[in-house]
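In our numbering, the protein residues as written are 226 to 324.
Rendered as structure tokens:
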């Protein structure tokens with residue numbers, strides 16, 4: 226079981242710039258806290274890794290490509306801080322090859 230802790234599931238939060246930098250910083254704090262709490266659960270054998278908040282189609286696409294190329298990343302959890310326009314996610318999710 227210990228070897229599974231070397232594997233990561235990325236916790237990716239989506240938001241929008243219209244909320245401002247201070248709000249986005251707080252969203253990142255919340256995402257980090259959620260990931261930390263998930264990591265405390267003994268039922269989850271892998272590490273949940275909070276990633277930077279993504280707010281643009283290019284950032285979403287790059288995150289998906291990074292996940293594809295990471296040997297440690299075995300999956301991605303997405304959490305939307307707010308209603309994030311679905312069109313922003315299409316290219317990235319189409320490119321994503323991880324569950």
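Glycine included, C-beta positions come from ideal geometry on N, C-alpha and C. It should be emphasised that the depicted structure is a prediction, and the values quoted were computed from it without experimental measurement.
Limits of the beta strand (DSSP E) - the one that residue i falls within
i           : result
residue 280 : Unbroken run through residue 280: none, as it is neither H nor E.
residue 299 : 298-305
residue 311 : Where residue 311 is concerned, there is no enclosing beta strand (DSSP E), given that its DSSP letter is neither H nor E.
residue 234 : 233-239
residue 273 : 272-275
CA-to-CA distance, residue j to residue i, given in whole angstroms
i           : j           : result
residue 241 : residue 258 : 20 Å
residue 301 : residue 233 : 9 Å
residue 252 : residue 275 : 11 Å
residue 305 : residue 283 : 17 Å
residue 339 : residue 231 : Because the chain here runs from 226 to 324, residue 339 falls outside it and cannot be looked at.
residue 256 : residue 235 : 11 Å
Span of the alpha helix (DSSP H), counted from its first residue to its last, around residue i
i           : result
residue 246 : 246-264
residue 320 : 315-320
Cβ-Cβ distance between residue i and residue j below 8 Å
i           : j           : result
residue 238 : residue 278 : yes
residue 298 : residue 323 : yes
residue 229 : residue 271 : yes
residue 292 : residue 273 : no
* Okay, do the segment 279-288 and the segment 314-321 touch, 3+ Cβ pairs below 8 Å being the bar? -> The answer is yes - the segment 314-321 touches the segment 279-288, with three or more Cβ pairs under 8 Å.
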